């Protein structure tokens, strides 16, 4: 069967998370977790679902960008796409006129992610497998053929990439079984959003410890005294054995980052996340160097906009934890390139998740990373946030603070149609209700 | 008078330049020079005009982004904006929800440029001066107050920036008079677009030499044999004394760039422009290092998306010519930061221009750079392309291959309303005509 794509729709879906300060940090004080939500329709009745994550305002711009890309997708068959996925990736990212709007960054790249996520979902459904399993079963050569190596060959050649995948083939069956049995380790960001009062933080932390969580992330960066108080509180609650990470969401300049984080060193954070501009490779390198003697690593990636940037972060030793994002990079294709580069540079990947749908998507990528690339769990864990999973047809399953591998075919980002309808912006019932208040 | 902003409109204006291969290069084979064109209206009848440049498809996405920003502009007064221009810049670039779409890159930043260009135009008109003269006459402290130093203080502090401006105050009167009399040196890209046949190239080159041009840029990167033939042809025509630059528009990976340009070294190009990804700071640094012994510099910037990237290009010695763009960076505000950083690192600024409106806009910035920042013309020149100037109310004036300082109040980017109407996409007469063919 050919699975000819005969239509593509995109909708602006927003959740009013800012009402309860979920997701608040030092730079994003009132996010409404949202998505540009894509459905592609085929002539044989099978559909593909994809999304890119946004924070509310401006989602309509991403929707507009998806509509601009739709013409490059509709009319093609799934089989034609996946038989030259690198070519299709480049068709979307290197359109002679549209690449000026990026290239491969910002709105146009978020739109590319949404569209390609839907294509990957469709492929996995057509194969009757969850996406991670589709990837695990693909021939390494076909994996390579999905990746656009343009601009990264100075760090990773196709041959090197193939070699990495071939080496991991040997024991992959064993790791797949391990994952199916035990799941992939996770950490939680749900306890300590910046604007949560201390009492709420304590309560959430208590509950999380009871549920078996051992790794916790705290938002910092707005006020040093507050940060010291909150870090002290959470470190006291979780004890010295558990893991603490801190996240500044790009709040500081380079010198300020070094001095601020040094003031929090007594709380033994494993990493400082996004200490400064996501574009500042050399700044992150300087911060990494300064904090290394304190035993604090630098993590970044949720706003690292493409493989060329990740390449340089790795080349410059500017991060010690690679945080891939399933919706900012150009879908699975570009994330594969980053996973392989991270392996070559021997830097662990700890994906960014949360928002809406990010956990559902990225779990597939990190499962593939463990089974077929890194073959290691050392210093590795995937972010988890306990919000909005109820809107998905195949929500994540967490057991004992671990992601259990999804079993349903696809990329796990199909939303309940009723949720989509209620949260469409501005016409859904949820938003009409605010308008009428 | 307060100049309260009471409205903002944005239109999608496109010129069918691809029909004659104007603007064609190795990555952008068929650009239709276009703009997101903004008008802001005040309660006292004075309007401000601004634009951002695009290549055709996708301009509607930029229009959508401008509309999303409009709410942050309408209702404010010009005086309130310019009394805290840094704050206003940050309001547009750091909106808690919208910054996720960038931050400060891609579509959302192009839209920011269009809006802020219109605000600067309004300010210059309100002062009755061309923009360059407004800048030249501003107190250095007020110039500094327009710049967002976030993320660049490790390269340039406010005090250092002020110091640079103060030092240049002394002889600025003399340089202003020099510019008014002699103009700012330019080079031409009009002769050698990639898809022009050799005969056309020869004819254009002959004409340009007659008109006094001495500096020429050739597009390269698609086919090495073609490049050798074209470079040989143009070098023969312009002779050994004139200046040749080559431009690959991001076509190569790092190793390929070094080998390809080495093959063209015999034609003595002053620079290779955009040899690889605009995001690849470390790649440009490697290319710079490899080509230095051949006497070839690296130029880049037209797709360098913000001051954080320029900062690193300078820190890493990754370019020898800084090519600012008036419509990709966050308008005058962010370009001021780049001019000052370039001066500190002693790298000459040679602006990107061409497209539609880019020459009109950027001439103001480079005049300010000479009069108030660099005080030098060594290795400096501004790009010029002879297209589409007829659509502006105050088109550039070129005498003897030099930009003559504009005299009309404003930022020179007001289009003839008749041109806007005819070229509106898709409803303008020019585009209806193609539809009917």
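Protein chains in written order, with the numbering used here: chain H, 2 to 438; chain A, 2 to 438. No residue lacks a Cβ here, since even glycine has one placed at the ideal position from N, Cα and C. As the structure is a computational prediction, the values presented were derived from the model and not from experiment.
Pairwise C-alpha distance: residue j and residue i
| i | j | result |
| --- | --- | --- |
| residue 292(A) | residue 298(A) | 7 Å |
| residue 382(A) | residue 185(A) | 7 Å |
| residue 99(H) | residue 40(H) | 22 Å |
| residue 335(A) | residue 148(A) | 6 Å |
| residue 258(A) | residue 92(A) | 40 Å |
| residue 333(H) | residue 114(H) | 8 Å |
| residue 198(H) | residue 220(H) | 12 Å |
| residue 277(A) | residue 111(H) | 22 Å |
| residue 272(A) | residue 353(A) | 14 Å |
| residue 189(A) | residue 377(A) | 20 Å |
| residue 421(A) | residue 58(A) | 17 Å |
| residue 136(H) | residue 37(A) | 41 Å |
| residue 171(A) | residue 177(A) | 12 Å |
| residue 433(A) | residue 16(A) | 12 Å |
| residue 105(A) | residue 412(A) | 22 Å |
| residue 53(A) | residue 323(A) | 20 Å |
| residue 260(H) | residue 120(H) | 45 Å |
| residue 32(A) | residue 254(A) | 23 Å |
| residue 231(H) | residue 152(A) | 26 Å |
| residue 398(H) | residue 129(H) | 19 Å |
| residue 319(A) | residue 250(A) | 16 Å |
| residue 196(H) | residue 169(H) | 43 Å |
| residue 209(H) | residue 303(H) | 24 Å |
| residue 62(H) | residue 5(A) | 27 Å |
Residue i - DSSP class collapsed to helix/strand/coil
| i | result |
| --- | --- |
| residue 350(A) | strand |
| residue 88(A) | helix |
| residue 8(A) | strand |
| residue 377(A) | coil |
| residue 307(H) | coil |
| residue 150(H) | coil |
| residue 440(H) | Residue 440(H) lies beyond the range of chain H shown here (2 to 438); nothing can be said about it. |
| residue 169(A) | helix |
| residue 28(A) | coil |
| residue 176(H) | helix |
| residue 273(A) | strand |
| residue 382(H) | coil |
| residue 75(A) | coil |
| residue 371(H) | helix |
| residue 1(A) | A query on residue 1(A) cannot be resolved here, the shown segment of chain A reaching from 2 to 438 and no further. |
| residue 394(H) | coil |
| residue 325(A) | coil |
| residue 36(H) | strand |
| residue 402(H) | coil |
| residue 13(H) | strand |
Residue i at chain C interface by Cβ criterion, 7 Å
| i | result |
| --- | --- |
| residue 341(A) | Within the model displayed, chain C is absent; protein chains H and A are what it includes. |
Task: Interface positions of the stretch 99-113 of chain H facing chain A (Cβ-Cβ less than 9 Å), listed along the chain - done: 99, 100, 101, 102, 103, 104, 105, 106, 107, 108, 109, 110, 111, 112
TODO: Tell me, please, whether the stretch 388-401 of chain A touches the stretch 409-424 of chain A by the rule of three or more beta-carbon pairs shorter than 8 Å.
DONE: yes
- [ ] Please go through the stretch 192-271 of chain H and give each complete alpha helix (DSSP H) segment of 4 or more residues, from N-terminal end onward.
- [x] 199-211, 225-239, 255-264
Task: Meets three-Cβ-pair contact criterion under 8 Å: the stretch 311-329 of chain H and the stretch 359-370 of chain H - done: Contact between the stretch 311-329 of chain H and the stretch 359-370 of chain H is present: three or more C-beta pairs spanning the two stretches fall below 8 Å.
Task: Meets three-Cβ-pair contact criterion under 8 Å: the stretch 303-317 of chain H and the stretch 146-163 of chain H - done: yes
Task: Secondary structure, alpha helix (DSSP H): runs of 4+ residues fully inside the stretch 96-129 of chain A - done: 107-128
Open item on the list: Please identify, using Cβ separations under 9 Å, the residues of the stretch 54-67 of chain A that lie next to chain H, in order along the chain.
Closed with: 54, 55, 56, 57, 58, 59, 60, 61, 62, 63, 64, 65, 66
Task: Contact list for the stretch 303-328 of chain A against chain H, Cβ threshold 9 Å - done: 304, 306, 307, 309, 310, 312, 313, 316, 317
Task: Residues within the stretch 148-160 of chain H neighbouring chain A, beta-carbon criterion of under 7 Å - done: 151, 152, 154, 155
TODO: Scan the stretch 272-283 of chain A for residues whose Cβ lies nearer than 7 Å to a Cβ of chain H and list them as they occur along the chain.
DONE: Cβ contacts with chain H come from 277, 278, 280, 281, 282, 283.
TODO: For the stretch 26-37 of chain A, enumerate the residues whose C-beta is nearer than 9 Å to any C-beta of chain H, in chain order.
DONE: 28, 29, 30, 31, 32, 33, 35
TODO: Kindly confirm or deny that the stretch 204-220 of chain A and the stretch 239-259 of chain A touch, where touching means at least three C-beta pairs closer than 8 Å.
DONE: yes
Open item on the list: Three Cβ pairs or more, each shorter than 8 Å: is that satisfied between the stretch 249-268 of chain A and the stretch 223-238 of chain A?
Closed with: yes
Open item on the list: If contact is defined by three or more beta carbon pairs under 8 Å, each pair taking one atom from either stretch, is the stretch 341-351 of chain H in contact with the stretch 35-50 of chain H?
Closed with: The stretch 35-50 of chain H makes no contact with the stretch 341-351 of chain H: fewer than 3 CB pairs, one atom from each, lie closer than 8 Å.
Open item on the list: Under 9 Å, CB to CB, which of the residues in the stretch 352-374 of chain A have a partner in chain H?
Closed with: none
TODO: Using a Cβ-Cβ cut-off of less than 7 Å, list which residues of the stretch 235-259 of chain A approach chain H; keep chain order.
DONE: 254, 255, 256
Open item on the list: If the cut-off is 8 Å on Cβ atoms, which residues from the stretch 65-99 of chain A count as contacting chain H, listed in chain order?
Closed with: 65, 66, 69, 95, 96, 97, 98, 99: these are the residues of the stretch 65-99 of chain A whose beta carbon lies less than 8 Å from some beta carbon of chain H, given in chain order.
- [ ] Take every Cβ of the stretch 121-129 of chain A, pair it with every Cβ of the stretch 73-87 of chain H, and state whether three or more of those distances are shorter than 8 Å.
- [x] no
Open item on the list: What ranges does the alpha helix (DSSP H) occupy inside the stretch 40-73 of chain A, keeping only unbroken runs of at least 4 residues that lie completely in it?
Closed with: 60-71
Open item on the list: To test your reading of the DSSP string, which unbroken beta strand (DSSP E) runs of 3 or more residues are found completely within the stretch 278-322 of chain A?
Closed with: 298-301
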